[in-house]
Structures are given as C-alpha cells and as structure tokens.
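Notes follow once the structure below has been shown.
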C-alpha cells in the first residue's frame, strides 16, 4: 500500500516535469501553424537555428525524468525480449535522432546561405513528437498508479482509523504507549469513544463495538467478558479491559492489508495471455516499422517522409492499452471486493470465480450458525413453559455438554434462573439426574424416560418428528412426571436460504457437504433449498468429493473449519468464512469478512463483472492497433490521410486513458441481490404468481391452508413452528377447531413450500 502511494507520487512528479517542458515545446513547434504569437528571435529564416536548438533544450528534461523507458526498453531489446518500453524508447529515440539530424542540416544550409533549405529542415524537427510520446505515456502510467492508489484507498482509511496509542495497565497503573509497543499478553483499557488498539479478549467490563470498518455490518455488537474484540473497531459505549492476543502484523486489520496487497501483485491467467500477446506484438511492430521505412524509400519518398511514417508506426502501436487492460481492472475489482467485505487473495481467484459451475458448502458453521440453540419448547399439560425451563436450567446448569449450554442460554434470555441442585450425576447414554429443590428430576433422551417408566404419551411421537427435522429432543421429568420437551439444533443462518436462491438464479448448482447423518442433513437441505446433499463425509472425504465434482466443471468450496482446509485448497476457488479458523482462511482464495453467505454470489458476480471489463479493455486495445497501424504506415496516403508522429502519440495515449477509465467504472459496480435477501424462500425461488388452489384463502400478505391430523395444542405448536421455520413467513396462526393454518408473509411464498413444511412436521394438507 505504501509502495502504491510512493509510485503514484513519483509518477505524478514525472508527469508534472514532463508537462512543464512539453507544453512550451509544443507551443513553440506548432505555434506558427496556428498563428500563435511567438517572440521575434524565433521568427524568420535567419532565426531557425535558435528555433531548433530551443526545442532540443526543452526536450532534454523530459527525456531525463523519463529515462527509465530508455534503460528498460533498450535492455530488453538487446536481450531479444522487446516489450512496451522498447517501442517507447525506439519511437522517442528515432524522433529525437531525426531532430538532431535536422539541426545539422539547418547549420549546413545556413553556412551555405540557403535560407529556404534551412527553413524546410526546421519543419521536420519532431522534437515535440519525442516529448509527446514520453509525456502522454507518463500520463497513462499516472492513471494506472492512481487506479492502484484508489484500490488501496479504502484500506488506507482503515489504517487511519486504527488507534495510534493504547492504554496499558501495569500493576494497576495506566500508561499510554504507542500501539507498536503493545505485546501479546498485555492488559489494555478501552474507554467509550476509543478504538480497540489490537485484537484480543475482553476481560472485565463491557462495551458496544462498532465493527463496520472490519465486517461492514452497521449494527453495533455488545461485548462481554470472554468475547473476542478486533483492532480498529470503535467502542461506542462502556468501559472494559482486554488482553492483547494479536499485535502488529498478526492483527485482523494487518491481514486485510496484506491480502489486498498480495492480490494486486499477482497476475490473473488472462493477464499472462496479455503479456504473451505483447511479447509477440512488439517485435512484429518493429518489423512493420522497418518494412514501412523501406517501402517508402524504395517508392521514391524522401528520407523525411519515410522516417515520419516509420516513427508513427512505432508510436501509435505502443501496446500501453494492452498492458493496462488487465492489471487495472484486477486492481479496481479487488478494491471493490474489499469495500464489500470480500478479501480476494489473488488475481487468479478473482478471474477463476467467474466460471464456477458448482458451489459446495460445508454445513456446520457455514450454512448453519455452528452452535446449537433452542428451537422448540413443548410443555406437558399441567406444566407451564416457565416451570419446564426452570427445571431445565437447574439440571443442565451443572453439565458441560454443548446442548446443555444452549438450554441454559435460552433460559437466561427469558430471565429464568436455576433452583437449588443437589446430588447431580450423569448417566452415560441417557442423560443426567439430580435433586432440584429436593424433587427427583431427570433430563435426557426418550430411552431414559421409558427405562424409568415415565409416561411420555404423544410426546414420543413429537420427539420423533423433531428428530426428523434434524433437532435433538431433550426430555425433562420431575417426581415421576414428564414436564415437557426442549428441542435443540444447530440453526440455519438467516441469509443461507437467500444465498442459495441467488446462486440458483445465476445458474450455479449448490451442494451441501457435511459429516452429519443423512436425516439431519436432509432437514437442513429442505430449509435452505440446496440442490444436493452429501452426508456422513469425513474431512479427507470432503477433499475427495471436491475432486469428483471438479470433473463436471469448476468448483468453489465454502467452509470455515480446520477440517475444511484440504477441500478449500483442492477447489478451483476456496472461499473461507471470516469467522472461521486461521487454517481455513489461509487455505482459501477468498475470505468473506462478514461471514455472510450472500457474499458468495456477490464474489462470483464481481468476478464476472471484472472479467467482462478486462475483455472490453483487450478488445478495444487490439481493435485500436488493428485500425491505426495501417493508417500510420501510410495505407491511406492516396486519400491525403497521414499521421505524423505527434498525432500518433496523442492517439496512442488516448487509448490508454480510455482503457483505464473503463476499468475505473468498476468502482461503481453493485451486487445484484434481492431487495430483502434474508427473506428469500428456503426451498424455492420467489414466485409472484397466484395459487389456483381453492383451499387457500389469500390476501396480499397471507396464505391459509387446511391441515389434517392436528389433535391437540401440541400439534398446533408443531404446525406453527414448522411454518415459521420457512424463510419469508413472519408469523403463523393455527386454528385447531377450524383445522387451518394461516401464514403471514413478508413476501409471496409458494403454497407448495408452505405445504411441504407442514407435511414434514407430520401432518397433511388438503
């Protein structure tokens, strides 16, 4: 990033110096043609030598500040690998050399008293052409440097937002130190309104952090002891102490900067093709220039005319536009991704993503939240939900099982707190038992209840239905009576269904890959609408499945865990969730900082837009050369159409400016997503057509279906939760007496999607 800024500054200096001397040179050399006023000592045949020498002196500073073109250009020419700089050096040198030759002609003519000959020689100096070549090429380079500078501009703003100092606590005493002095393990204090200096873990206190600079999410996040905090985020409210875990180049912010810099320094496959084109194109142009010179000389033209056409060919065919076409678009596209929370680690990944035909998604932590949470609470007749939760949080509070932690978290959210627990013991394969306020209590699976003779009634069937939905039912009993069931599951992320729907709309096949059993995997598949699910796959099996799918076309793998790393590395494009493990992120080509699956289709859309832009640039660059080279060689001279070297230089530079400007259009690119993506239907695309089913009573935002098989309020609760689990359903109202279920919709959802959810819950729809 610093290199890009320094390069832009250096090129800007060269451009300013070049322009300062080229403008008066152009005025002096062309002024008489346009009737512009000139000092008297430049006018008249007797002053032609002053006229010529002044132009030569104005050229020298331009050559000096742009000498890099000559050094690199002639070096590559000598080594037999001419490039763009070779054409620039040859064109400018030829024009300059001819100008020096013309000065000698002027001197000889004046010595012989031939004023007319000296005047004619002064008309063919071409010093302005040599200067214009260098100045206009430098202008194109400046646009390129600016494009790269703009690409890293967003990252530079992040660096500016990062605190420069931190408050370190040492033996209870606060000291303000530079961020560079913070070491891993240091305890830091962060007050309201201050930025978090480094990545770490919150120890004491609490805060509300604005993480938008890192994740792009505008909603502040509450942080409590044990939570991770990220450097460069802003503490809006609260006060807390934190332990520094990652400092310097190991912070998340430093990683973002590093990834963007790496991406802008790599070459995409199509850019390598452009390099190969340049490698062939340059020597061909040199040959054309030599042939042009020879043909004009053999045709009886003067040396001046032949040389003018040859120089024009060298100048106008300069492949600046060809050289700028790909890198500029890649840099702008990468920067655009960064501003959308998508870090693209290589130019190759940005290009390859456009051709992805299959997106494979790991289930846990990618499609789902990755942590269990309570999904259903079914209280038995005579037992309130509060009493059920009170027992649940009391018994499970002593357990370290992840499902137990989910139950306790759910109870705490509802301000239900544990009672006195004694004689707590775990029963392997069944659950736990304890005395809760001196009442014998049980928490476990159906087998535990049946083994102790506890009547489960219709709850056994309810448990089976919950299990079919991929949920884990936990039974709770006290004093020999069942109080109810609490179901726990790894819930689907809000944007998962919408992301898969967008991918389908783009013609991309979606496959969910998981180590879970088929029943759980199938339940998640129905919710998100994946085209295919592959269950029971071990980590090494994931990599094998990616290889198999890759035989059918390019594959992108989306994952977050260590076990996904081999598959991420094997895929054509590996996409890691930003909240995932370091190993997964290192193995991936693209990192989604917002951990939002909707950024998967956005990444592919960005790739397609970038490649389209590159192809446009290459097309116009090649068409420009195909048209202009014959004209410069004199193919249209019979029509009186000739290009002198100066006009050729202007045309060549204009093509470079056009290519860079077209690439910069990517800065205005926006992803094509639904207006309310999180509400997209889970298993089908949005369908705005009206249903013809007579059993459906539909208003603008409601659909009512007739449901059979409901016997009690528990059944009502099942149907209600089944419908509310469908993306796009805001609320479901179920009437047991009428046998109907009404879904209140955020947008239109097909009836078959609603019906499928009810049937899946174990009921029938008429």
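Numbering (this note's numbering), first residue to last: 307 to 1072.
Cβ atoms here follow ideal geometry from the backbone N, Cα and C, with glycine treated the same way.
Bear in mind that the values here come from a model prediction, so they are computed numbers and not experimental data.
Assigned with DSSP and collapsed to three states, residue 622 falls in helix. Beta-bridge analysis with DSSP links residue 747 to 740, 784. In this structure, the beta-carbon distance from residue 484 to residue 510 does not fall below 8 Å. DSSP links residue 529 through a beta bridge to 513.
Around the beta carbon of residue 765, a 10 Å sphere encloses 16 or more other beta carbons of the protein chains shown; the residue is thus reported as buried. When DSSP reads this structure, residue 898 sits in a beta bridge with 648, 883.
Between residue 357 and residue 348, the C-beta gap is smaller than 8 Å, which places the two residues in contact.
Within the DSSP bridge table, the entry for residue 482 names 473 as partners. Bridge partners of residue 798 according to DSSP: 674. Contact between residue 756 and residue 740 does not hold, since the beta-carbon distance rounds to 20 Å and is not under 8 Å. Secondary-structure assignment with DSSP links residue 1040 through a beta bridge to 1047.
In the DSSP assignment, residue 545 falls within the unbroken beta strand (DSSP E) covering 540 to 552.
For secondary structure counted as the alpha helix (DSSP H) over 4 or more consecutive residues, the stretch 339 to 420 holds these complete runs in sequence order: 354 to 371, 373 to 384, 390 to 417.
Under the DSSP definition of a beta bridge, residue 878 lacks any partner. Around the beta carbon of residue 858, fewer than 16 other beta carbons sit within 10 angstroms, so the residue counts as exposed.
By the neighbour-count definition (other C-beta atoms within 10 Å, threshold 16), residue 665 is a buried residue. Of all C-beta pairs linking the stretch 1034 to 1045 to the stretch 686 to 697, fewer than three are shorter than 8 Å, placing the two stretches out of contact. Residue 779 has 793 as its beta-bridge partners, per DSSP. Assignment of residue 839 by DSSP, reduced to helix, strand and coil, places it in the strand class. Exclusion of the five residues before and after residue 540 leaves 501, 516 as the residues of its chain whose Cβ lies within less than 6 Å of its Cβ. Where residue 1054 is concerned, there is no enclosing beta strand (DSSP E), because DSSP gives it neither an H nor an E. Residue burial is scored here from C-beta neighbours: residue 1031 has at least 16 other C-beta atoms within 10 angstroms and is therefore classed as buried. In its chain, beyond the 5 residues on either side, 415 have a beta carbon closer than 7 Å to the beta carbon of residue 423. Here the C-alpha atom of residue 1045 lies approximately 58 Å from the C-alpha atom of residue 504. Measuring C-alpha to C-alpha distances from residue 376 to each of 786, 962, 439, 508 identifies 439 as the nearest. Assigned with DSSP and collapsed to three states, residue 968 falls in helix. Here DSSP, grouped into helix, strand and coil, assigns residue 668 to strand. The C-alpha of residue 633 lies about 40 Å from the C-alpha of residue 514. Residues of the same chain with a CB within less than 7 Å of the CB of residue 635, apart from the 5 flanking positions on each side, are 916, 919, 920, 923, 969, 972 in chain order. For residue 1015, same chain residues with a beta-carbon under 8 Å away, outside a window of 5 residues either side, are 1021, 1068, 1069, 1070 in chain order. Assignment of residue 1007 by DSSP, reduced to helix, strand and coil, places it in the coil class. Close CB contacts of residue 940 within its chain, under the 6 Å cut and outside five residues either way in sequence, are with 615 (chain order).
Assigned with DSSP and collapsed to three states, residue 502 falls in coil, not helix or strand. Taking C-beta separations shorter than 6 Å and ignoring five residues to either side along the sequence, the partners of residue 660 in its chain run 913, 914, 917, following chain order. Here DSSP, grouped into helix, strand and coil, assigns residue 756 to helix.
Where residue 765 is concerned, the enclosing alpha helix (DSSP H) starts and stops at 765 to 774.
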